[in-house]
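Each remark here refers to the structure printed beneath this line.
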Amino acid sequence: MDRALAVDGTAVGRSPSGPRSAVVTVTAAASGRQGGPQGGRSAAVDRERLVVQAFQHCAVPLAVLSEQGTILEANAALSSLLGVSSGTPVGHQLAEYIASEDRDGLAFAMGSLVRDELRSISTSARLRNGVASLISVAWYAGGGLDGAFVVTLPRHECAEDRAALMQQAYCDSLTGLANRSLFEQRLDRALDRIRTGSGRAALFLLDLDDFKGVNDTLGHHVGDELLVALTDRLRSRTREGDTLCRFGGDEFLVLAEDVGEGDVEPMARRIMSVLDQPFQLGGSSVTQHASVGVVLLDASMSAHNLIESADIAMYEAKRGGKSRFVTFRPHMKERAVRNFELAQEILPALERGEIELHYQPIVEVKTGQVVGFEALMRWTHPKHGQIRPDVFIGLAEQTDVAMDLGRFALREACRALVQLTLLMPGRRPYVAVNITARHFYDRGFHRLVEDVLTATGLSGDRLVIEVTETGALGDLDESARTIRRLEMLNVTTAIDDFGTGYSSLSYLPRLTPAIIKIDRSFVSGAPFAEEQVAMLRAVVGLSHTMGARVIAEGVETEEELLLLNELGCELAQGFLFSRAIPYEQIPSSVRAIDAQVRQLDHLPQTSEASR
Numbered sequence: 010m011d012r013a014l015a016v017d018g019t020a021v022g023r024s025p026s027g028p029r030s031a032v033v034t035v036t037a038a039a040s041g042r043q044g045g046p047q048g049g050r051s052a053a054v055d056r057e058r059l060v061v062q063a064f065q066h067c068a069v070p071l072a073v074l075s076e077q078g079t080i081l082e083a084n085a086a087l088s089s090l091l092g093v094s095s096g097t098p099v100g101h102q103l104a105e106y107i108a109s110e111d112r113d114g115l116a117f118a119m120g121s122l123v124r125d126e127l128r129s130i131s132t133s134a135r136l137r138n139g140v141a142s143l144i145s146v147a148w149y150a151g152g153g154l155d156g157a158f159v160v161t162l163p164r165h166e167c168a169e170d171r172a173a174l175m176q177q178a179y180c181d182s183l184t185g186l187a188n189r190s191l192f193e194q195r196l197d198r199a200l201d202r203i204r205t206g207s208g209r210a211a212l213f214l215l216d217l218d219d220f221k222g223v224n225d226t227l228g229h230h231v232g233d234e235l236l237v238a239l240t241d242r243l244r245s246r247t248r249e250g251d252t253l254c255r256f257g258g259d260e261f262l263v264l265a266e267d268v269g270e271g272d273v274e275p276m277a278r279r280i281m282s283v284l285d286q287p288f289q290l291g292g293s294s295v296t297q298h299a300s301v302g303v304v305l306l307d308a309s310m311s312a313h314n315l316i317e318s319a320d321i322a323m324y325e326a327k328r329g330g331k332s333r334f335v336t337f338r339p340h341m342k343e344r345a346v347r348n349f350e351l352a353q354e355i356l357p358a359l360e361r362g363e364i365e366l367h368y369q370p371i372v373e374v375k376t377g378q379v380v381g382f383e384a385l386m387r388w389t390h391p392k393h394g395q396i397r398p399d400v401f402i403g404l405a406e407q408t409d410v411a412m413d414l415g416r417f418a419l420r421e422a423c424r425a426l427v428q429l430t431l432l433m434p435g436r437r438p439y440v441a442v443n444i445t446a447r448h449f450y451d452r453g454f455h456r457l458v459e460d461v462l463t464a465t466g467l468s469g470d471r472l473v474i475e476v477t478e479t480g481a482l483g484d485l486d487e488s489a490r491t492i493r494r495l496e497m498l499n500v501t502t503a504i505d506d507f508g509t510g511y512s513s514l515s516y517l518p519r520l521t522p523a524i525i526k527i528d529r530s531f532v533s534g535a536p537f538a539e540e541q542v543a544m545l546r547a548v549v550g551l552s553h554t555m556g557a558r559v560i561a562e563g564v565e566t567e568e569e570l571l572l573l574n575e576l577g578c579e580l581a582q583g584f585l586f587s588r589a590i591p592y593e594q595i596p597s598s599v600r601a602i603d604a605q606v607r608q609l610d611h612l613p614q615t616s617e618a619s620r
């Protein structure tokens, strides 16, 4: 043999359900190369001899090809598979042993490798002797034989199994799109072309807004149908050369090559247009929206960094109001890093007492009487000052810290209300505590509430647990169970931010909340348009039909209060009455509200004694 074969790594074994498989990297080097000391040369020769024996006796058919497809090395298993009964296939073209109708496919596969479009490829081919095989070809350069190929030809009886395994390895089982593994390979190749100055591309990450509402109201099978239908629409709106990937759950990636910054907006709008029309699924018409993050490929970034950047941009789109697209900018990454660091500080801040509760009064519309308070968290950071609640609570909800914040808010609010009752004789207000969906779905949550009520001595009918509409929809069955358990403790449940979540109202009969809080967007904007008044009247009427009282959030003007009174809305809160204030300021704030409402002509003059 003119050359020695060196194996960088081999792994030969038998899978539980099929024949042998192998992953082998073979290089060729001249046997007469210069070495070190005599002992080193002797050891190297021994290793080379061992490698040659391993190659020749391996049960998996193996060959080393030249760039032109000539067989440079072949083991006995390959000769047997090719039907070479005497002599050797070395020196012959591999194509000579392939059925004529399959030679073009092999040539195309190898050509892709030569052009550096792919690092490895597999193609099905029938051998000239009639044996069906799956040929796996991997590019190798270096080691004295630049441009060599490593070729594995599995035996024909496992070809179909291997094809099925490759399908499972690289394709999403539900949609048939590329999965994460295959997509990252394609992304790496696009980056290679950009680094050589021969390409440009953009990455789009599409995430459905409020997809959980579909699964939980219509069923997971309808959710799957939606994803498949969405896949078909995406295929119709993307170009033939674009790579589509279901990245996971309801997230999809699109790699669009030959796309520059000026092409991003029309491409993003074309992708988002797949959701312009409702989906007809399971007998229901389902309207969906999506947020899209975009990043232009940069040669200095890895595939992982690009996907991470697209993800950051997508969340920027969601924070900006959803159903929109945002192109990644470096400052977004900086903000993401700051938010991560901030998230690590939440629990220590809670332990240091930097996080406290403020209370916003809730007023009965007809009388102007303060009947309750919503407990709201505030964080005064020693370095950054006031941290907005939507920022740190949103960060906490991504970790277990949200559970600590929830327990703190519940205990502190109940304790404060008991003390407040002593300072405000003749009044019996309630306190409302916001709970994250994670708490709401915890099957032991009602026991926590019971323990807090017992420890503080607060009556259950003076506590309201608030959960957002989208939070309640995350798991309707568990939400309904939680509401029933709280009712057994005489604790009231309120659906917060009503009207901002999933558009279907079919969930309400299953939850039957005692209070519905109308989002600020329904109330603001005096003078009111006729359509706005009609919508507000419908929401109030629907709530009353369900047996629920209505609280209007964000009331800022007397005109808004007058309309709420006219429509029969029972309760209101907002800057018209008071901002959220520290516990110590509550008595003086209540007195100020009492004086203020006496000036409102539409409210009956209620004496202090009657309160």
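The sequence shown: position 311 = 320 (my numbering), numbered continuously.
Every residue, glycine too, gets a C-beta built ideally from N, C-alpha and C.
Taking just the CA atoms, how far does residue j sit from residue i?
| i | j | result |
| --- | --- | --- |
| Ile80 | Gly185 | 36 Å |
| Ser488 | Gly577 | 28 Å |
| Ile316 | Arg344 | 17 Å |
| Asn292 | Val231 | According to the sequence shown, residue 292 is Gly rather than Asn. So the two alpha carbons sit approximately 10 Å from each other. |
| Leu74 | Cys180 | 29 Å |
| Ile402 | Val476 | 14 Å |
| Leu431 | Gln407 | 38 Å |
| Arg242 | Val301 | 16 Å |
| Thr9 | Ala83 | Because the chain in this structure spans residues 10 to 620, residue 9 falls outside the shown range and cannot be described. |
| Ala210 | Arg420 | 53 Å |
| Glu496 | Glu350 | 39 Å |
| Ile474 | Asp399 | 18 Å |
| Gly9 | Val548 | Outside the shown range of the chain, which is 10 to 620, sits residue 9, and nothing can be said about it. |
| Thr479 | Arg387 | 23 Å |
| Leu457 | Leu545 | 36 Å |
| Pro518 | Met555 | 7 Å |
| Ser294 | His448 | 32 Å |
| Leu290 | His367 | 46 Å |
| Leu214 | Ala319 | 6 Å |
Taking all protein chains shown into account, decide if residue i is buried (16 or more other Cβ within 10 angstroms of its Cβ) or exposed.
| i | result |
| --- | --- |
| His66 | exposed |
| Thr36 | With a pLDDT of 28 at Thr36, under the threshold of 50, the modelled position of that residue is not reliable, and no figure is offered here. |
| Asp218 | buried |
| Ala464 | exposed |
| Ala308 | exposed |
| Arg600 | exposed |
| Gly100 | exposed |
| Val542 | exposed |
| Ala538 | exposed |
| Gln62 | exposed |
| Ala604 | exposed |
| Asn138 | exposed |
| Asn314 | exposed |
| Asp113 | exposed |
| Gly222 | buried |
| Gln353 | exposed |
| Asp216 | buried |
| Phe117 | exposed |
Starting from residue i and walking both ways along the beta strand (DSSP E), at which residues does that stretch end?
| i | result |
| --- | --- |
| Tyr439 | Tyr439 to Asn443 |
| Gly302 | Ala299 to Leu305 |
| His390 | Val379 to His390 |
| Arg416 | It is not in any beta strand (DSSP E) - Arg416 instead sits in the alpha helix (DSSP H) that spans Val410 to Leu432. |
| Pro287 | No beta strand (DSSP E) holds Pro287; DSSP gives it neither H nor E. |
| Phe334 | Phe334 to Thr336 |
| Ile107 | Neither: Ile107 is in no beta strand (DSSP E) and is coded neither H nor E. |
| Leu366 | Ile364 to Glu373 |
For the alpha helix (DSSP H) holding residue i, just list the boundary residues, first then last.
| i | result |
| --- | --- |
| Ile524 | Unbroken run through Ile524 is the beta strand (DSSP E), Ile524 to Ile527; no alpha helix (DSSP H). |
| Leu545 | Glu539 to Thr554 |
| Ile316 | Ala312 to Arg328 |
| Ser190 | Arg189 to Arg204 |
| Arg347 | Pro339 to Arg361 |
I want to see whether chain C comes within less than 8 Å of residue i, judged by CB atoms only; does it?
| i | result |
| --- | --- |
| Ile371 | Annotation note: the requested chain C is absent from the structure, which comprises a single protein chain. |
Item to complete: Pair every Cβ in the segment 320-333 with every Cβ in the segment 371-390, then say whether three or more of these pairs are closer than 8 Å.
Response: They do not touch, by the three-pair rule.
Discussion item. Does the contact criterion of 3 or more C-beta pairs under 8 Å hold for the segment 218-236 versus the segment 267-282?
Written reply: As far as the Cβ criterion goes, the segment 218-236 does not touch the segment 267-282, which means the pair count is below three.
Worksheet item: Given 8 Å as the limit, is there contact between the segment 329-348 and the segment 367-377, that is, 3 or more CB pairs closer than that?
Response: Segments in contact, no.
Worksheet item: How about the segment 517-525 and the segment 494-508: do they share at least three Cβ pairs that are nearer than 8 Å?
Response: Touching, per the Cβ criterion.
Worksheet item: Which ranges would you report for the alpha helix (DSSP H) in the segment 206-278 if only whole runs of at least 4 residues count?
Response: Entirely contained in the segment 206-278, the alpha helix (DSSP H) runs reaching 4 residues are, in chain order, 221-227 and 229-246.
Item to complete: Could you tell me whether the segment 446-458 touches the segment 490-499, where touching means 3 or more Cβ pairs closer than 8 Å?
Response: By the criterion of at least three beta-carbon pairs nearer than 8 Å, the segment 446-458 is in contact with the segment 490-499.
Discussion item. Which complete alpha helix (DSSP H) runs does the segment 64-99 hold, if anything under 4 residues is left out?
Written reply: 85-91
Fill in: Entirely enclosed beta strand (DSSP E) segments - the segment 444-520, minimum 3 residues
472-477 and 501-507
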